[in-house]
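Visitor: If you scroll down you'll find the structure; I have some questions about it.
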Amino acid sequence: MTQLHPSLAQGLDRQLARHPDDWEQTFRQMALFDLAEDIKLGFFLAYYRNFAIPSGSATLVKNGEIPVRPMKRSIDTGVVIYELIAGGLDSERGRHMTDLLNRVHRYVPGSQEDFLYVLMTLLVVPLRWTDRYGWRKPTQTERDAATRFFRELGTRMHIVDIPETFEEAESFFDDYERRRMAPSTAGKTLMSATVQVFQSMQPRLLHPVTKRMIATMLNDAELAEALGLPRSTWWSRLALSAGMGVRNVILRRTPLSTVPSFIPGQAAPPVYAGGYSLADVGPRNVMGPRVRNRA
582 MTQLHPSLAQ
592 GLDRQLARHP
602 DDWEQTFRQM
612 ALFDLAEDIK
622 LGFFLAYYRN
632 FAIPSGSATL
642 VKNGEIPVRP
652 MKRSIDTGVV
662 IYELIAGGLD
672 SERGRHMTDL
682 LNRVHRYVPG
692 SQEDFLYVLM
702 TLLVVPLRWT
712 DRYGWRKPTQ
722 TERDAATRFF
732 RELGTRMHIV
742 DIPETFEEAE
752 SFFDDYERRR
762 MAPSTAGKTL
772 MSATVQVFQS
782 MQPRLLHPVT
792 KRMIATMLND
802 AELAEALGLP
812 RSTWWSRLAL
822 SAGMGVRNVI
832 LRRTPLSTVP
842 SFIPGQAAPP
852 VYAGGYSLAD
862 VGPRNVMGPR
872 VRNRA
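First residue of the sequence shown: 582, per the numbering used here; consecutive thereafter.
Here is the structure:
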């Protein structure tokens, strides 16, 4: 491994030394500073993964938010997660976001297992991505902290039987996908609608190959098929590995940022170009005994 910038080495030492009871700050430091870029990419990939579960994708299409407002739905999802991370689960803003999650999911059809899977995508996918492509792997302390964070979030959302360890989370995640993942028209509709979100992060020159880029990053042929994406190729996998390798050499020589990757209320273009208030965040359509339009 390339020699680390002193600030990165010091940051790693701090993370390794943190007490297990300091799980929320450990996860916050990992997600907003030390491994911020890779955790953010992992959250994007976790979001797409839900579309490969036919029952869930059918519900999302019926609700109408993603097909009609894909950019807002995607950005709102990120805002909610990062508000919880930045402020803490029991902060005023954190409680607002937990209340929002409970309200919008109250009448969403699905079993406890289905809701647990959605929660576990936010844990398993980012850490697996960072394991594979990050400038360093998450430490065991960070894995434990991330697992505790999502366990605590799930408890506040009234989800039961939440895994206590990252290994248990991976086992549940893999088993659920083996049983439930499949191609569906709804899943492909959602994927097609949200490709533009990923494109907005890329140079225009790369837009024609966006779908193959996503498939390569997902690193799962069955998943790509379920989402209607082209299969990754040897050259796309090579390009990703090479690109991330070059990036990581640069990151290991770059000082650790003293500014968090997310600041509550900050601009989130193109939806919140001038920043946002808590009241701005959330879907217009909230499922009830029937779909109700809040607009």
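Glycine included, every Cβ here is placed at the ideal spot set by N, Cα and C.
This one's a predicted model, so the numbers in the text were calculated from it and none came from an experiment.
1) Would you kindly work out how many angstroms separate the C-alpha atoms of Leu670 and Trp604, rounded to a whole number?
2) Once the 5 residues before and after Gln693 are set aside, which same chain residues still bring their CB inside 6 angstroms of it?
3) CA-CA distance, Gly821 and Arg599?
4) Could you give the DSSP three-state label for Asn800: helix, strand or coil?
5) Whole angstroms is fine: what's the gap from Thr835's alpha carbon to Pro764's?
6) Scan the region 660–742 and note each continuous alpha helix (DSSP H) run of 4 residues or more that stays entirely inside, going in chain order.
7) Where DSSP assigns a beta bridge to Ala598, which residues make up the other side?
8) Would you mind giving the Cβ-Cβ distance between Gly637 and Leu697, rounded to the nearest angstrom? I have them listed as a contact below 8 angstroms.
9) Please confirm whether Ala627 and Leu804 have their CB atoms less than 7 angstroms apart.
10) Within its chain, find whatever has a CB closer than 7 angstroms to the CB of Gln783; leave out the 5 residues flanking it on each side and keep chain order.
11) Give me, in chain order, the residues of the same chain whose beta-carbon lies closer than 8 angstroms to that of Asp695; leave out the 5 immediate sequence neighbours on both sides.
12) With DSSP collapsed to three states, give me the class of Asp627.
13) Tell me where the alpha helix (DSSP H) around Asp615 begins and ends.
14) Within 10 angstroms of the Cβ of Val840, are there 16 or more other Cβ atoms? Answer buried if so, exposed if not.
15) For Leu859, report the span of its alpha helix (DSSP H) as first-last.
16) Can you check DSSP and say which residues form a bridge with Ala849?
17) How big is the Cα-Cα spacing for Ala860 and Ala823?
18) Indicate the three-state DSSP secondary structure (helix, strand or coil) for Asn874 in the structure shown.
19) Less than 6 angstroms between the CB of Ala849 and some heavy atom of the ligand GTP, yes or no?
20) Beta carbon of Thr770, beta carbon of Pro651: below 7 angstroms?
21) Since Gln596 and Asp619 should fall inside the 8 angstroms C-beta cutoff, what is the C-beta to C-beta distance between them, to a whole number of angstroms?
22) Do you know whose CA, among Arg713, Thr702, Tyr714, His739, lies nearest Thr728's CA?
23) Could you tell me whether the Cβ atoms of Asn866 and Gly645 are closer together than 7 angstroms?
24) Using 8 angstroms as the threshold, is the region 839–855 in touch with the region 654–664, meaning 3 or more CB pairs across them?
25) Can you tell me whether Ala840 is helix, strand or coil according to DSSP?
26) Using C-beta distances below 6 angstroms, list every residue in its chain close to His677, excluding the 5 sequence neighbours before and after it, in chain order.
27) Shortest alpha-carbon distance to Gln584 belongs to which of Gly855, Leu832, Pro719, Thr722?
28) I think Pro811 touches Arg785, with their Cβ atoms under 8 angstroms apart; what is that distance to the nearest whole Å?
29) With a threshold of 8 angstroms on Cβ separation, who are the neighbours of Pro851 within its own chain once the five nearest residues in sequence on each side are excluded?
30) Within the continuous alpha helix (DSSP H) that includes Ile831, where are the two ends?
Guide: Walking through what the data contain:
1) 12 angstroms
2) Within the same chain, Gln693 has close Cβ partners Val741.
3) Note on identity: in this sequence residue 821 is Leu, with Gly being the wrong assignment. The alpha-carbon atoms of Leu821 and Arg599 are separated by roughly 33 angstroms.
4) coil
5) Their backbone Cα atoms lie some 42 angstroms apart in a straight line.
6) DSSP assignment within the region 660–742 yields the following whole alpha helix (DSSP H) runs of 4 residues or more, N-terminal first: 673–686, 693–714, 721–737.
7) Paired residues: none, contrary to the question.
8) Actually they do not touch by this definition, with Cβ atoms about 12 angstroms apart.
9) In terms of Cβ geometry, Ala627 and Leu804 do not form a close pair [threshold 7 angstroms].
10) Correct list, in chain order: Thr791.
11) Ile634, Ser636, Gly637
12) Note that residue 627 corresponds to Ala in the displayed sequence, not to Asp. Three-state result, Ala627: helix.
13) Element bounds for Asp615: n/a, residue is neither H nor E.
14) exposed
15) First-last for Leu859: undefined, no H or E at that position.
16) Tyr853
17) 42 angstroms
18) Any reading at Asn874 needs caution, since the residue's pLDDT is 46, under 50, leaving its predicted position unreliable; the model's value is listed next. Residue state, collapsed to three classes: strand.
19) No copy of the ligand GTP appears in this structure; indeed no ligand is present at all.
20) no
21) In fact, because the Cβ distance is near 15 angstroms, the residues do not count as touching under 8 angstroms.
22) Thr702
23) yes
24) By the Cβ criterion, the region 839–855 is in contact with the region 654–664, since at least three pairs of Cβ atoms, one from each stretch, lie closer than 8 angstroms.
25) Before going on, a small fix: residue 840 reads as Val here, not Ala. DSSP places Val840 in coil when its eight states are reduced to three.
26) Correct list, in chain order: Leu859.
27) Leu832
28) Between Arg785 and Pro811 the Cβ distance is about 20 angstroms, and since that is not below 8 angstroms, they are no contact.
29) The answer, listed in chain order, is Met652, Ser781.
30) 815–833
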